[in-house]
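These notes are about the structure you will find just below.
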Amino acid sequence: MPSKRKSFSERFFSIVVRVFPFDFQTNYGGEMAGVFREQQREAETRGGALGVLNLWAETLAGAFRTAPREHWQILKQDCAYAFRMMRKNRGFTLIAVLTLALGIGANTAIFSVVYAVLLSPLPYRQGQQLVFIRQQARKMGMDDIQFSVPEIQDYREQNRTLSSLVEYHAMSFTLFGHGDPERVRTGVVSWNYFDTFGIKPILGRTFLPPDERTGAPPVLLLSYEYWKNNFRGDPGIVGKTFEMNDKVHTVIGVLPPVPQYPNENDVYMTTNACPFRSSKNMTEHREHRMMEVFGRLKPGVSLEEARADLSTIAGRLRGEYPKFYPPETGYAAIASSLRDQLTQGARPTLVVLLAAAAFVLLIACANVANLTLSRMARRERELAVRTALGAGHSRLLRQLLTESLLLALIGGAAGLLLAYDSLGLLSDFAARLTPRAREIHLDMGVLLFALAAAIGVSVIFGTLSAMSARASLSSGLKEGTAGAGSGRQSSVVRGVLIIAQFAFSFMLLIGAGLMLRSLYRMLEVNPGFAPQHVLVMNMHFNWSKYATGADFALASRKILDRVKSETGVLSAATSSSYPLEPELITFGPNTGDFRIEGRALRSGETPPVANVNSVSPDYFRSLGIPLLEGREFSEADDAKALPVCIINDAALRQFWPREDPVGKQVSFDDGKTWNKIVGVVGDVRELGLDRPASAEFYGPMDQSPSPSTLIVRTGADPTSMGERIRRAVLDVDSQNAITGIRTLKEARDESLAAPRVTASLLGLFAGLALLIAAAGIGGIMALSVSQRVREIGIRMALGAQPSQILRMLVGQGVGLALVGIGIGFVGGLAVTRLLKSLLFEVTPSDPLTFIGVALVLLGAALVAILIPARRAASIDPNVALRSE
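Numbering (my numbering), first residue to last: 293 to 1176.
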């Protein structure tokens, strides 16, 4: 009668009995073994495989505790023998350990970043209830509109789904009372902002309702980093005072070291203390928007319910204020998860890097498997001898298992060191994409998963030979041969692994190739300005000293006169911003709607919008921006002169495509004042080299004063003149805080940092994959040659020429590589879609990249194959046949 198929637990039982170093039959023999099998069946019925594994864990722990001393001695001998074999096969050990270390280290580091940024909950009280709220004008393509004070009040009073709704905006102010004037990044928030986020201070207190009342004494909260770096963690900081905006501010507390969302700030103040937020112009005008809004869902309220509630309020506002929310704009309000909002910029890049790291781990595991199988094939004679001398099958299996485990553990330890060393670089990279970067740490769960994968591969393939059907003793004892069955079987497995390595390597190389081509295209882009020999810096005036725009205009002229007197200065200018300024990229340009003279708006039509920048004379000369038509600004374009402006080529194409704009007039104040266009300049990619120039209007600094940045073109190295220029500015106004001193070339390089690091990481992963795959196929061919010495000798004795032997072996190796490349080609077409949002002027299916990668991978395979193939072609048939 046919026997019943064994269950999972029974098969697992039989394997462990044969492998583990204790006498299971002694401890659990006879009647006890039967009882234990019944316990297994019951555990499998209740909990499946996990239930059985839990039972076995408890049982094995007890068995190890009661194991006789001689069994631990056997385990010690196995470990000692394993280390001797590693020393004897140093090449195999080194390659296997390095391969595992690279795979485990890369995955541990990358996934630690992915987990901290994309998967882990927010580090706040019930962070899943926090939402980010934004307004939209969908029909105008505007998806993220900030809030005005009246709008915040409406949503705060009318919503039914949020337990709190708070506002935030960031500004920079000059702080006095701590050495030199210091520019501090200041978060302006509602009094209950930190209560909503669930943040408790480590010193002092957070804001209270009285702190936000009109006329209340200004108070400050310090961020943990600012407190540590600028005050050396002074425990007595609470109660100290500083001057800001011509008012005395008192420190009331220090925040804990938690991520600051949505931006990192030095200090925080309440809304009433900000001179801009508390101005009558801001509090009474619905159209003056500058605030971000966050909320916390009420217990039991879903995000969908909150969205429906906000949609109802938006509809109500459209009906009450049609002037501000006309139907043609498609006005709406929407809430999104704060975690999703904070990670949306980082998600595409991190997913791509995670996929690349996973491919490296798969390739590494496949290569270790191939190396182990090759090594087992070489050790068949050794295993046969040990079997002939009385070693049991379980004894050999236990020895091979010990060797594989030790190899995987050493590789895992090296991978841990690699991950630890690389985590700092990855954190800096992630900080460019998301404020959650500070939460990144080495995740042990990820390390254990990667280590388990490596151990699994090492154990499975390290014991494959011993687990398979035993080779005949006579064939195993023949030097240079392997058991026929096991040889054919392991050869097929090795071939499949080589194909997999080449397929994954092709996909990695495609990703790296596309990113490198994209980066090259960005480097070739004309930014519209000449960054060489240009020094830039941000100037932060003490606002309380300058009551009018004329005061700022005068300060700008004085600074330029002083700076131009410095030796080596060719030209200098002030402006509202400079191209590729970090804050400009982060927060966007200053925009304004305008009207064109002679073009009346149709009913319901919204006015056109463009970027606006105030610049002094010599701005275009200092940056090397070409003048296309008309003239540049001059000293005569002051506050008393006719209002004028200059447009860029993008504005010409968008608003005056078939006419000369010079002499036309535009208004930025609803027709009260008209500015005459006096010139057209070239386009500048202000927000990034990967973003096209948008319509821009430049106004004279004297007519719209906003001297926030200083731009200096020098005849010598600009970095050597930075301190001299800074001192010159302070000579004019000692209370002017200077920050962000850098060359324009550094700003340009900084804007390319994220795509450059992404391309470099993918290139590194792809290079490792290429090296591992080439080494793998070279090793397989070398093993094949060593196992086929007799066959090659017979072929040559029968008349085969060395060139024929060479072609045969090269053809076999190249065939494996071509199959892998073909599979990788198909997979690459699907995988590269993940890169679409990261590419610049390159398509995910770029044929040149695909063809180039295929040729590179095939060339690497050919080089790796030729070395053992040429050695085989030079075999002396007499020596080969005599060795048998």
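Idealized CB from N, CA, C, for every residue including glycine.
Checklist entry - According to DSSP, is Val-970 helix, strand or coil? => result Residue state, collapsed to three classes: strand.
Next on the checklist: Quick check on the DSSP output: the beta strand (DSSP E) that includes Ala-892 runs from which residue to which?
Outcome noted: First-last for Ala-892: undefined, no H or E at that position.
Next on the checklist: On the DSSP letters alone, give me the boundaries of the beta strand (DSSP E) that Tyr-560 sits inside.
Outcome noted: Residue range 559 to 562 is occupied by the beta strand (DSSP E) that includes Tyr-560.
Next on the checklist: When you compare the CB positions of Ile-626 and Leu-697, do they come within less than 8 Å of one another, or not?
Outcome noted: In this structure, Ile-626 keeps its C-beta atom at 8 Å or more from the C-beta atom of Leu-697.
Next on the checklist: Please return the same chain residues whose Cβ sits closer than 6 Å to the Cβ of Ala-1008, not counting the five positions on each side in sequence.
Outcome noted: Within the same chain, Gly-860 come within 6 Å of Ala-1008 by CB-CB distance, once the 5 residues on both sides are set aside.
Item to check | Selection from Ala-624, Ala-1152 and Pro-549 that minimises the alpha carbon distance to Ala-1109 | outcome: A check of alpha carbon separations from Ala-1109 across Ala-624, Ala-1152 and Pro-549 identifies Ala-1152 as the nearest.
Next on the checklist: Below 7 Å, is the gap between the Cβ of Pro-871 and the nearest heavy atom of the ligand FAD?
Outcome noted: Questions concerning the ligand FAD fall outside what the structure shown contains, since it holds no ligand whatsoever.
Item to check | CA-to-CA distance, Ile-939 to Val-817, given in whole angstroms | outcome: Rounded to whole angstroms, the gap between the alpha carbons of Val-817 and Ile-939 is 21 Å.
Next on the checklist: With three or more beta-carbon pairs closer than 8 Å as the criterion, would you say the segment 449 to 456 touches the segment 504 to 512?
Outcome noted: With the cut-off at 8 Å, the segment 449 to 456 and the segment 504 to 512 do not touch.
Item to check | For Arg-524 and Thr-478, the rounded distance between their alpha carbons | outcome: Looking at the two C-alpha atoms, the distance is approximately 20 Å.
Next on the checklist: Taking 8 Å as the cut-off, does the segment 808 to 822 touch the segment 1008 to 1022 (at least 3 CB pairs, one atom from each stretch)?
Outcome noted: Pairwise C-beta distances place the segment 1008 to 1022 out of contact with the segment 808 to 822, as fewer than three of them are shorter than 8 Å.
Next on the checklist: Contact defined as beta carbons within less than 8 Å: I believe Ile-1033 pairs with Met-807. What is the distance between those atoms, to the nearest angstrom?
Outcome noted: Ile-1033 to Met-807, Cβ: 32 Å. No contact.
Checklist entry - In the structure shown, what three-state DSSP assignment does Val-435 receive? => result Checking the sequence, you will find Asp at residue 435 rather than Val. Looking at Asp-435 - three-state DSSP - the assignment turns out to be strand.
Checklist entry - Got a sec? Which residues, its chain only, sit under 6 Å from Gln-793 by beta carbon, not counting five neighbours each side? => result Excluding residues within five positions, the ones whose Cβ falls inside 6 Å are Ile-655, Ala-658, Ala-1065 and Gly-1068.
Checklist entry - Whose C-beta lies closer than 7 Å to the C-beta of Gly-496 among residues of the same chain, with five residues either side of it excluded? => result The beta carbon of Gly-496 lies closer than 7 Å to those of Val-530, Ile-544, Gly-545 and Val-546 in the same chain, with the five residues before and after it left out.
Next on the checklist: Assuming the contact rule is C-beta atoms closer than 8 Å, Ala-845 and Asp-994 should be a hit. Round their C-beta distance to whole Å, please.
Outcome noted: At roughly 5 Å, the Cβ-Cβ gap stays under 8 Å, so Ala-845 and Asp-994 are in contact.
Checklist entry - Met-1013: which of His-825, Arg-1087 and Arg-1048 sits nearest, CA to CA? => result Checked all of His-825, Arg-1087 and Arg-1048; the closest Cα to Met-1013 is His-825.
Checklist entry - With a Cβ-Cβ cutoff of 8 Å, do Arg-1005 and Leu-862 count as a contact? => result Going by C-beta atoms, Arg-1005 is nearer than 8 Å to Leu-862.
Checklist entry - Whole-angstrom Cβ separation of Glu-889 and Trp-835, contact assumed at under 8 Å? => result So it is not a contact: roughly 34 Å between Cβ atoms.
Checklist entry - How is Leu-692 classed by DSSP in three states: helix, strand or coil? => result It is helical.
Checklist entry - Does DSSP put Ala-1092 in a helix, a strand or coil? => result Here Ala-1092 carries a coil assignment [DSSP, helix/strand/coil].
Checklist entry - Under 8 Å, do Ile-1084 and Ala-1164 count as touching if we go by C-beta distance? => result Contact: yes.
Checklist entry - Counting only runs that start and end within the segment 812 to 851, where is the beta strand (DSSP E) found for 3 or more residues in a row? => result Segments of the beta strand (DSSP E) lying fully in the segment 812 to 851: 826 to 832.
Next on the checklist: Does Ala-985 come out as helix, strand or coil in the three-state DSSP assignment?
Outcome noted: Correct three-state label for Ala-985: coil.
Checklist entry - Should Phe-821 and Ile-917 be called a contact, given that it needs their Cβ atoms to be closer than 8 Å? => result Yes, Cβ-Cβ distance for Phe-821 and Ile-917 is below 8 Å.
Checklist entry - Is Leu-414 helix, strand or coil when you go by DSSP? => result Looking at Leu-414 - three-state DSSP - the assignment turns out to be coil, as it is neither helix nor strand.
Item to check | Ile-732 versus Tyr-407, Glu-1133 and Gly-787, residue with shortest Cα-Cα distance | outcome: The shortest Cα separation from Ile-732 among Tyr-407, Glu-1133 and Gly-787 belongs to Tyr-407.
Checklist entry - Any idea what DSSP makes of Pro-618, helix, strand or coil? => result Three-state result, Pro-618: coil.
Checklist entry - Thinking just about the alpha-carbon of each residue, which of Val-476, Leu-1121, Glu-504 and Gly-490 is nearest to the one in Ser-482? => result Among Val-476, Leu-1121, Glu-504 and Gly-490, the Cα nearest to that of Ser-482 is on Glu-504.
Item to check | DSSP three-state assignment for Gly-768, whether helix, strand or coil | outcome: Reliability of the predicted coordinates at Gly-768 is poor, the pLDDT of 49 falling under 50, and no value is obtained from them.
Checklist entry - Taking contact to mean at least 3 C-beta pairs separated by less than 8 Å, is the segment 862 to 878 in contact with the segment 929 to 943? => result These segments do not touch.
Checklist entry - If you follow the beta strand (DSSP E) that Glu-951 is part of, which residue opens it and which one closes it? => result Segment: none, Glu-951 is in no beta strand (DSSP E) and carries neither H nor E.
Item to check | Nearest residue (CA-CA) to Val-540, options Asn-521, Ala-723, Met-561 and Glu-978 | outcome: Residue Met-561 is the option with its Cα nearest to Val-540.
Checklist entry - Taking Cβ to Cβ, would you say Pro-548 is nearer than 8 Å to Tyr-516? => result Using a Cβ distance threshold of 8 Å, Pro-548 and Tyr-516 count as a contacting pair.
Item to check | Nearest-angstrom Cα separation, counted from Pro-1160 out to Ala-722 | outcome: Approximately 44 Å, taken between the alpha carbons.
Item to check | For Asp-245, the three-state DSSP class (helix, strand or coil) | outcome: Because residue 245 is not part of the residues shown, which for the chain are 293 to 1176, the question remains open.
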